[in-house]
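S.K.: The structure follows.
Number of protein chains: 8
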Amino acid sequence: QRLGFDEVIYGESKSINLLLGLLAEYVNRNQNVLITRVQHKKGKALLKKHHSAFFDKESGIFMLKPLEGNDEVKRVGIISAGSSDIGVANEAYYTLTYMGIGAEIIQDVGVAGLHRLLDRIEDLRTYDILIVVAGFEGALPTVVGGLLPQPIIAVPTSVGYGTAKNGKTALHAMLTSCSNGITVVNIDNGYGAAMSAFRMLNLKK
Amino acid sequence: QRLGFDEVIYGESKSINLLLGLLAEYVNRNQNVLITRVQHKKGKALLKKHHSAFFDKESGIFMLKPLEGNDEVKRVGIISAGSSDIGVANEAYYTLTYMGIGAEIIQDVGVAGLHRLLDRIEDLRTYDILIVVAGFEGALPTVVGGLLPQPIIAVPTSVGYGTAKNGKTALHAMLTSCSNGITVVNIDNGYGAAMSAFRMLNLKK
Amino acid sequence: QRLGFDEVIYGESKSINLLLGLLAEYVNRNQNVLITRVQHKKGKALLKKHHSAFFDKESGIFMLKPLEGNDEVKRVGIISAGSSDIGVANEAYYTLTYMGIGAEIIQDVGVAGLHRLLDRIEDLRTYDILIVVAGFEGALPTVVGGLLPQPIIAVPTSVGYGTAKNGKTALHAMLTSCSNGITVVNIDNGYGAAMSAFRMLNLKK
Amino acid sequence: QRLGFDEVIYGESKSINLLLGLLAEYVNRNQNVLITRVQHKKGKALLKKHHSAFFDKESGIFMLKPLEGNDEVKRVGIISAGSSDIGVANEAYYTLTYMGIGAEIIQDVGVAGLHRLLDRIEDLRTYDILIVVAGFEGALPTVVGGLLPQPIIAVPTSVGYGTAKNGKTALHAMLTSCSNGITVVNIDNGYGAAMSAFRMLNLKK
Amino acid sequence: QRLGFDEVIYGESKSINLLLGLLAEYVNRNQNVLITRVQHKKGKALLKKHHSAFFDKESGIFMLKPLEGNDEVKRVGIISAGSSDIGVANEAYYTLTYMGIGAEIIQDVGVAGLHRLLDRIEDLRTYDILIVVAGFEGALPTVVGGLLPQPIIAVPTSVGYGTAKNGKTALHAMLTSCSNGITVVNIDNGYGAAMSAFRMLNLKK
Amino acid sequence: QRLGFDEVIYGESKSINLLLGLLAEYVNRNQNVLITRVQHKKGKALLKKHHSAFFDKESGIFMLKPLEGNDEVKRVGIISAGSSDIGVANEAYYTLTYMGIGAEIIQDVGVAGLHRLLDRIEDLRTYDILIVVAGFEGALPTVVGGLLPQPIIAVPTSVGYGTAKNGKTALHAMLTSCSNGITVVNIDNGYGAAMSAFRMLNLKK
Amino acid sequence: QRLGFDEVIYGESKSINLLLGLLAEYVNRNQNVLITRVQHKKGKALLKKHHSAFFDKESGIFMLKPLEGNDEVKRVGIISAGSSDIGVANEAYYTLTYMGIGAEIIQDVGVAGLHRLLDRIEDLRTYDILIVVAGFEGALPTVVGGLLPQPIIAVPTSVGYGTAKNGKTALHAMLTSCSNGITVVNIDNGYGAAMSAFRMLNLKK
Amino acid sequence: QRLGFDEVIYGESKSINLLLGLLAEYVNRNQNVLITRVQHKKGKALLKKHHSAFFDKESGIFMLKPLEGNDEVKRVGIISAGSSDIGVANEAYYTLTYMGIGAEIIQDVGVAGLHRLLDRIEDLRTYDILIVVAGFEGALPTVVGGLLPQPIIAVPTSVGYGTAKNGKTALHAMLTSCSNGITVVNIDNGYGAAMSAFRMLNLKK
Ligand SMILES: Nc1ncnc2c1ncn2[C@@H]1O[C@H](COP(=O)(O)O)[C@@H](O)[C@H]1O
Ligand SMILES: Nc1ncnc2c1ncn2[C@@H]1O[C@H](COP(=O)(O)O)[C@@H](O)[C@H]1O
Ligand SMILES: Nc1ncnc2c1ncn2[C@@H]1O[C@H](COP(=O)(O)O)[C@@H](O)[C@H]1O
Ligand SMILES: Nc1ncnc2c1ncn2[C@@H]1O[C@H](COP(=O)(O)O)[C@@H](O)[C@H]1O
Ligand SMILES: [Mg+2]
Ligand SMILES: [Mg+2]
Ligand SMILES: [Mg+2]
Ligand SMILES: [Mg+2]
Ligand SMILES: [Mg+2]
Ligand SMILES: [Mg+2]
Ligand SMILES: [Mg+2]
Ligand SMILES: [Mg+2]
């Protein structure tokens with residue numbers, strides 16, 4: 139709480155039993171909690187015990203209480219090239235929702251079809267922060283960063299094959315981007331992108 | 139200018155003649171300009187023609203007009219563990235100065251001597267943004283990020299040997315930090331850290 | 139035996155039949171034996187024939203005879219940040235137990251929540267040796283090594299994703315730590331950490 | 139000659155004496171010859187003996203006879219983002235000239251200033267083939283490939299630092315580009331790009 | 139369509155439902171469409187709804203309408219060493235067919251049995267373009283490029299083990315080939331090879 | 139001092155002036171100090187001002203006061219295969235001397251001439267701790283660890299070429315050694331080996 | 139046959155149907171044939187049709203006719219440290235048998251228990267050629283090469299975890315061995331080791 | 139001498155003084171000695187003291203006594219593509235000469251000009267052993283191994299740029315060659331190739 143938010147649980151390497159134990163404590167304290175990287179099978183098991191909980195199977199996000207509509211202003215735009223990156227975009231989206239921050243996902247504005255992106259530029263200018271998600275060669279944040287002045291949080295994804303190297307090429311391309319002032323988070327780390335947007339939005343207060 | 143700032147020149151692979159030609163144009167237009175990564179010998183050659191220009195040999199930053207004292211509020215804290223990372227810290231500092239943003243360098247608060255860092259926590263809380271510079275294992279942003287709530291821009295440096303792998307270990311460690319919401323820029327990229335701080339500070343306006 | 143201990147069997151690439159054959163020999167000689175990296179399914183098959191044997195499914199440690207309580211002094215502290223690294227911590231713990239050395243696991247003292255670690259410092263000072271287990275960016279041994287004077291055996295784990303690179307980032311970070319005199323073993327090698335602690339404790343004799 | 143062109147000499151690891159010996163043979167046979175990767179000092183030594191020869195110090199290209207103006211149609215456009223990649227662009231340009239193919243270099247149309255590129259699209263459409271040279275994150279061929287239908291030969295360069303990894307990031311990004319039908323040559327290989335353009339232009343005959 | 143061809147769908151990370159939705163749109167518009175990298179199970183599910191569609195399980199290529207015999211001239215030769223690379227060769231073949239380009243696969247002309255290749259040289263000379271597919275050490279494009287003058291598109295495959303490194307060794311070998319003017323696409327990227335052949339064949343028009 | 143020793147200065151990236159400034163402070167306080175990784179030229183410059191100081195050009199170790207003969211018992215044996223690794227062996231040796239610990243270097247007991255090593259086994263058994271330094275394939279600690287029961291601190295060196303990969307192969311070989319309980323420090327890190335020996339020798343007190 | 143042996147089939151990426159087709163041809167011609175890397179399930183399917191064929195499930199070696207006892211002199215010794223490397227040792231052994239060369243496997247002479255190896259030295263001296271198989275740190279060929287004068291073919295295996303890097307560490311260690319004149323084959327390549335032994339034994343004729 | 143040859147000195151990291159000391163001992167004992175990897179400057183210094191010694195500046199080979207013409211039969215053929223690899227070819231050649239083995243260098247038979255190689259096949263068949271030296275993509279041993287039955291020792295060299303990766307690509311390509319029974323030594327290791335040829339030639343005795 140020292141940092142303005144509660145600890146979030148990393149679900150990937152925890153057993154169903156362990157997670158159920160942790161959830162029981164939060165229910166007792168009547169608190170909400172966020173768990174990331176909950177695999178499909180484990181998510182379904184948690185839902186069986188916690189019927190009103192929320193689980194998104196694309197991203198593996200689990201929350202005891204879904205938080206909808208609590209921020210009408212859409213502060214963060216989450217941009218991605220297509221439906222392949224939806225899991226990562228959702229991880230960012232639901233984490234922001236959990237933190238009480240309005241967000242919106244804008245799909246299908248990739249580099250291969252540049253005109254679709256150029257047509258949306260004025261829309262994109264309205265967000266405080268842009269989270270730009272991209273796999274393959276990861277060129278999208280570079281292009282967006284050359285066109286728009288907001289803080290840009292680039293998220294490389296592991297989509298692609300061969301020299302995509304499970305996201306390492308996109309990651310390194312984003313870090314060495316010739317656009318100015320882009321910051322980067324770990325491969326597939328939609329959660330981290332959301333948390334850094336949260337830190338930045340403190341500046342508005 | 140579309141992005142609120144002028145283009146900056148990457149000096150590393152440009153010859154003295156080419157740089158002098160470019161500088162002449164800026165002098166004619168009576169504009170200031172920032173050149174990064176100017177090697178020592180080249181910087182001295184530029185200074186010979188432009189006596190009132192500014193050159194920092196630690197970082198290779200060159201500006202036609204030094205901009206001092208134009209922002210009394212120190213908005214950005216640049217933290218590093220010691221004097222080995224001074225070049226990168228200075229690159230961030232002078233870029234911020236050029237952009238008209240007040241900044242301060244805080245040295246000698248490394249992870250090996252944790253108590254010196256803990257003693258400074260309340261001071262560090264006063265900056266809007268923290269740029270955290272670290273080589274070797276790059277643990278400093280993780281520790282700072284666990285203690286303080288501001289936006290944190292982590293800059294890995296190429297200081298170290300062997301498994302430090304010219305900054306790659308610090309880079310990867312920062313990206314996979316278990317502290318929440320840390321963003322990262324390229325190895326030794328003090329310039330990029332400053333530019334992303336500039337983007338974030340727009341949120342205060 | 140030349141080294142003061144019996145050979146330990148590496149179970150990972152041995153078939154159930156081969157392992158049963160080896161165990162039969164030890165039973166005949168009425169000797170205890172340690173097998174490491176026994177996969178869950180194989181461990182259950184071995185237990186069926188050897189009812190009084192011990193098998194820990196988190197770590198894959200198998201022993202013909204469980205050795206409990208044979209050293210009341212807790213000489214080795216095994217520190218980890220959370221429950222994700224429990225398999226590696228257990229591998230160290232049960233190997234030490236097998237060697238007749240008292241040990242204790244201290245969980246939940248990670249870098250992200252530094253104050254929990256600082257609160258335990260005096261407790262941790264009482265162990266002869268500290269085995270520090272960490273995944274993700276692997277910063278924990280650096281922080282512990284800056285605070286405490288004992289021999290520190292750092293064990294990187296393969297917990298994490300993306301730039302965690304299956305433990306390689308934690309490994310390289312630990313090796314290039316700016317804390318003094320930390321030694322390191324292979325990724326996920328709780329067994330090796332225990333064996334090096336055993337060698338070190340010979341110095342007390 | 140089997141392939142429609144003479145052998146070209148790789149100059150990088152040959153001594154001045156060895157190169158002078160080879161050149162003497164070509165002079166005797168009254169033939170032109172192309173040598174690539176001739177370092178500055180070696181190029182000057184060769185020019186001393188062969189006054190009418192051609193040497194470009196940016197690219198290290200050496201030819202016994204300069205071939206100018208032998209193809210008035212500009213078939214190949216060589217695009218790059220700026221002056222840092224000039225050596226590689228020149229290597230492609232002079233090799234094409236040597237092969238009797240008209241070419242043109244178009245600088246300063248990088249991804250960071252996308253509008254300059256968009257303004258030139260119709261010009262670029264007039265070339266038979268586009269050689270696209272880029273360092274740092276190497277996004278330029280992806281953007282060009284999404285806008286124009288010609289054969290695109292992408293040349294990654296070693297310009298950049300840190301995660302640019304001496305051109306490996308740009309190379310891998312170009313290979314995994316989400317634009318369709320881009321082909322790639324080795325890092326800094328302007329020569330290879332020109333030779334593959336030569337092979338492709340045979341299709342016009 | 140800006141580029142003379144319709145968008146192609148990357149099937150690997152799309153669910154059956156999503157793909158069925160997309161296909162329904164194409165059926166409505168009475169258009170053909172190409173989907174790449176459709177896994178075996180997903181391909182069978184799509185065929186159930188679209189009985190007259192085409193699916194090749196070796197390559198994962200799916201088309202709403204099979205296009206056979208629409209170009210009697212065989213413009214592109216697809217060479218491979220053996221049956222291990224058949225999936226990649228087929229991906230190139232069917233993509234070319236979809237684009238209306240005649241192609242032919244020539245198997246069993248590997249480097250290990252050089253005489254079989256030498257016996258076929260005059261046949262191979264008749265194609266406009268050669269796509270050369272090879273795994274293991276990837277030497278085949280080098281040998282073919284030293285013997286024949288056409289444009290050569292080298293496709294490394296992930297066939298092999300150990301130092302074959304899932305195709306990275308073949309890729310890097312092809313890029314650094316001492317044969318002149320070879321261009322390269324991503325590992326296993328038969329699709330990209332076909333698309334670049336398509337771009338090159340525009341030169342014949 | 140919290141850890142029982144003073145801070146040591148990393149000299150590699152500090153200028154002569156900066157180092158002279160630091161030394162002046164220690165002279166004033168009449169304290170000894172250790173600086174590591176002082177390059178040859180810088181070491182000579184420091185000696186000019188501090189005539190009674192100690193500088194070893196093989197290892198780059200600098201001390202204000204040489205400490206000789208302060209521990210007559212030779213507790214640590216530093217083993218290496220030959221004279222190529224002398225710089226790393228000396229770094230360990232002089233650091234131990236500075237810490238007041240008796241040490242001895244044993245050269246020419248490499249793996250290629252195994253009998254010389256076997257002949258020395260009983261001698262080597264007398265040390266409390268063995269620091270084993272090796273480049274190339276780094277097999278020496280594995281062999282020593284299979285023969286002797288003491289704590290073994292393996293130090294990989296960057297001696298070798300090609301697949302020695304500047305010490306990375308030796309490092310990884312030592313970490314994955316099939317001898318039990320070997321611990322490892324960073325490449326060329328004689329200093330770290332000495333500091334970890336210091337921590338271990340506390341166990342004797 | 140040009141090389142004195144028939145082509146061998148690489149089974150790993152061929153379907154059961156394809157393999158059955160190939161086998162039928164060999165049966166028709168009444169010829170023996172060797173297939174390598176046949177997975178367990180596929181091997182059993184082949185045996186069903188070819189009852190008198192030979193299949194070794196450890197190595198995946200399949201032969202139409204088992205060839206036993208055809209060379210009474212044991213020319214090649216295949217050394218390994220333990221039962222983990224049995225698959226690779228068998229691949230070498232059965233390939234040699236197929237080629238009509240007598241061979242023998244000597245297990246349990248690893249580096250960790252050096253004395254067992256030293257006890258066997260005179261036995262090992264009787265073979266013409268030594269194939270030395272080792273995983274983990276791969277030190278065994280270095281030790282054997284320092285003790286014995288025969289041709290040594292080192293085979294790294296993918297046994298181990300973490301820094302063993304699937305055999306890459308053993309491979310690189312063997313290549314940079316400080317023992318003289320060791321040659322190396324690909325990771326897990328027992329087949330290649332046997333074939334190179336075959337080439338060498340031609341020298342005896 | 140246990141292995142039939144004297145120890146050879148690795149000169150790369152030894153000072154002139156140290157080498158002169160070692161040479162003096164050999165002169166005293168009236169013995170010849172081989173030193174490898176002697177840098178140009180150091181070689182000239184040694185020659186000043188030892189006028190009748192032999193030094194080859196291409197390879198850095200130094201011998202107290204040149205051994206010419208001591209084996210009239212040319213047993214080992216050393217093949218390379220061109221003059222760039224001459225240093226490595228010479229290292230093999232002079233080492234063989236020192237060991238009393240007749241050898242011959244055959245240059246200019248690279249893969250790019252395959253017909254020159256095919257014209258020489260019958261000549262090459264006369265050697266007992268072939269050492270095949272190649273940089274760039276390293277395809278030469280694969281082609282030679284598919285045509286000739288002798289033992290083949292492949293030596294990758296560090297010649298090339300970009301994806302040649304200082305010889306790593308050639309190394310990995312040779313190890314994963316689809317030609318049968320090729321063995322490989324370290325990058326640029328002409329010395330090791332010669333020593334393994336020496337071991338193999340023992341089989342002829
Ligand atoms: N998806 C994620 N990626 C990175 N870090 C995470 C993720 N989810 C949770 N965390 C962090 O991991 C830590 C929790 O780990 P644990 O105690 O093992 O649940 C907290 O510091 C979280 O902020
Ligand atoms: N988990 C482990 N990690 C590393 N080495 C091990 C492990 N378990 C056993 N060993 C070592 O591996 C060797 C036994 O291998 P094996 O003969 O194949 O059972 C012995 O030297 C053991 O000390
Ligand atoms: N096998 C493939 N390899 C590389 N790119 C592909 C492949 N198949 C389709 N694409 C490209 O990927 C993009 C489609 O991605 P999506 O919108 O996710 O279906 C288009 O630009 C296609 O041209
Ligand atoms: N296990 C193996 N490792 C490496 N090469 C092999 C192996 N088995 C067969 N080969 C070689 O691979 C080629 C056969 O490939 P294929 O035509 O796909 O069956 C021949 O040149 C064989 O000598
Ligand atoms: Mg897309
Ligand atoms: Mg410091
Ligand atoms: Mg945790
Ligand atoms: Mg530019
Ligand atoms: Mg084949
Ligand atoms: Mg030595
Ligand atoms: Mg073993
Ligand atoms: Mg050549």
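Residue numbers (the numbering used here), protein chains in the order written: chain A, 139 to 343; chain B, 139 to 343; chain C, 139 to 343; chain D, 139 to 343; chain E, 139 to 343; chain F, 139 to 343; chain G, 139 to 343; chain H, 139 to 343.
Note that CB positions come from ideal geometry on N, CA and C, so glycine has one too.
Computed from a predicted structure; not experimentally measured.
At least one CB of chain H closer than 8 angstroms to the CB of ASN327 of chain D: is that the case?
M.R.: Locating residue 327 of chain D in the fourth sequence gives position 189, counting from the first residue. So, interface residue.
S.K.: Quick one: any contact between the region 255-271 of chain E and the region 152-169 of chain F, if contact means 3 or more CB pairs under 8 angstroms?
M.R.: The region 255-271 of chain E vs the region 152-169 of chain F: no contact.
S.K.: So for ILE154 of chain G, helix, strand or coil by DSSP?
M.R.: Here residue 154 of chain G is taken as the residue at index 16 of the seventh sequence, counted from 1. ILE154 of chain G falls in the helix class under three-state DSSP.
S.K.: Does the separation of the CB atoms of VAL214 of chain A and ILE173 of chain A fall below 8 angstroms?
M.R.: Here residue 214 of chain A corresponds to residue number 76 of the first sequence, with the count starting at 1. Here residue 173 of chain A corresponds to residue number 35 of the first sequence, with the count starting at 1. Cβ distance not < 8 angstroms, so VAL214 of chain A and ILE173 of chain A don't count as in contact.
S.K.: In whole angstroms, give me the CA-to-CA distance for VAL211 of chain D and ILE325 of chain D.
M.R.: Taking the first residue of the fourth sequence as 1, we reach residue 211 of chain D at position 73. Taking the first residue of the fourth sequence as 1, we reach residue 325 of chain D at position 187. Roughly 28 angstroms separates the two Cα atoms.
S.K.: Quick one: list the residues of chain F neighbouring SER190 of chain C, beta-carbon separation under 7 angstroms, in chain order.
M.R.: For this step, residue 190 of chain C is matched to residue 52 along the third sequence. Result: empty, since nearest Cβ-Cβ is about 26 angstroms, beyond 7 angstroms.
S.K.: My assumption, with CB atoms under 8 angstroms, is that GLY248 of chain E sits in contact with LEU278 of chain E. Please give the rounded CB distance.
M.R.: In the fifth sequence, residue 248 of chain E corresponds to position 110, counting from 1. In the fifth sequence, residue 278 of chain E corresponds to position 140, counting from 1. With a Cβ gap of about 6 angstroms, GLY248 of chain E and LEU278 of chain E count as contacting.
S.K.: State yes or no: is the C-beta of GLY305 of chain E nearer than 7 angstroms to some heavy atom of ligand 3?
M.R.: Residue numbering aside, residue 305 of chain E sits at position 167 when the fifth sequence is read from its first letter. Not so, every heavy atom of ligand 3 lies at least 7 angstroms from the Cβ.
S.K.: So, are the CB atoms of TYR232 of chain F and SER190 of chain F less than 8 angstroms apart?
M.R.: Position 94 of the sixth sequence, counted from the first residue, corresponds to residue 232 of chain F. Position 52 of the sixth sequence, counted from the first residue, corresponds to residue 190 of chain F. Cβ atoms of TYR232 of chain F and SER190 of chain F: not closer than 8 angstroms.
S.K.: Is VAL226 of chain G near GLY328 of chain G, with beta carbons less than 8 angstroms apart?
M.R.: Translated into the one-based positions of the seventh sequence, residue 226 of chain G becomes position 88. Translated into the one-based positions of the seventh sequence, residue 328 of chain G becomes position 190. Yes. Within cutoff.
S.K.: In its own chain, which residues sit with a C-beta less than 6 angstroms from the C-beta of ASP266 of chain E, not counting the 5 before and 5 after it?
M.R.: Counted from its first residue, the fifth sequence places residue 266 of chain E at position 128. Correct list, in chain order: ARG213.
S.K.: Out of D:MET201, D:HIS253, D:LYS303, D:THR235, point me to the one whose CA is closest to GLY273 of chain D's CA.
M.R.: If you number the fourth sequence from 1, residue 273 of chain D lands on position 135. Of the listed residues, the one whose Cα sits closest to GLY273 of chain D is D:LYS303.
S.K.: Please say whether GLY284 of chain C and GLY284 of chain B have beta carbons closer to each other than 8 angstroms?
M.R.: In the second sequence, counting from the first residue as 1, residue 284 of chain B sits at position 146. In the third sequence, counting from the first residue as 1, residue 284 of chain C sits at position 146. No, Cβ-Cβ distance for GLY284 of chain B and GLY284 of chain C is not below 8 angstroms.
S.K.: Just confirm the distance between the C-beta atoms of PRO287 of chain B and ASN340 of chain A, as a whole number of angstroms; I'd bet it's less than 8 angstroms.
M.R.: In the second sequence, counting from the first residue as 1, residue 287 of chain B sits at position 149. In the first sequence, counting from the first residue as 1, residue 340 of chain A sits at position 202. Contact holds; Cβ gap of about 7 angstroms.
S.K.: For ALA241 of chain H, which of helix, strand or coil comes out of DSSP?
M.R.: As a first step, residue 241 of chain H is located in the eighth sequence; it is residue number 103 there, counting from the start. Strand.
S.K.: Quick check on DSSP: helix, strand or coil for TYR232 of chain C?
M.R.: One-based indexing of the third sequence puts residue 232 of chain C at position 94. TYR232 of chain C: helix per DSSP, three-state reduction.
S.K.: Following a CB-centred definition, is THR174 of chain A positioned closer than 7 angstroms to any heavy atom of ligand 1?
M.R.: On the first sequence, position 36 is the one that residue 174 of chain A refers to. Yes, ligand 1 has a heavy atom inside 7 angstroms of this Cβ.
S.K.: Using a C-beta to C-beta distance shorter than 8 angstroms, which residues of chain G count as neighbours of GLN288 of chain H?
M.R.: Here residue 288 of chain H corresponds to residue number 150 of the eighth sequence, with the count starting at 1. Simply ARG337, ASN340.
S.K.: Going by DSSP in three states, PRO294 of chain F sits in which element: helix, strand or coil?
M.R.: One-based indexing of the sixth sequence puts residue 294 of chain F at position 156. PRO294 of chain F falls in the strand class under three-state DSSP.
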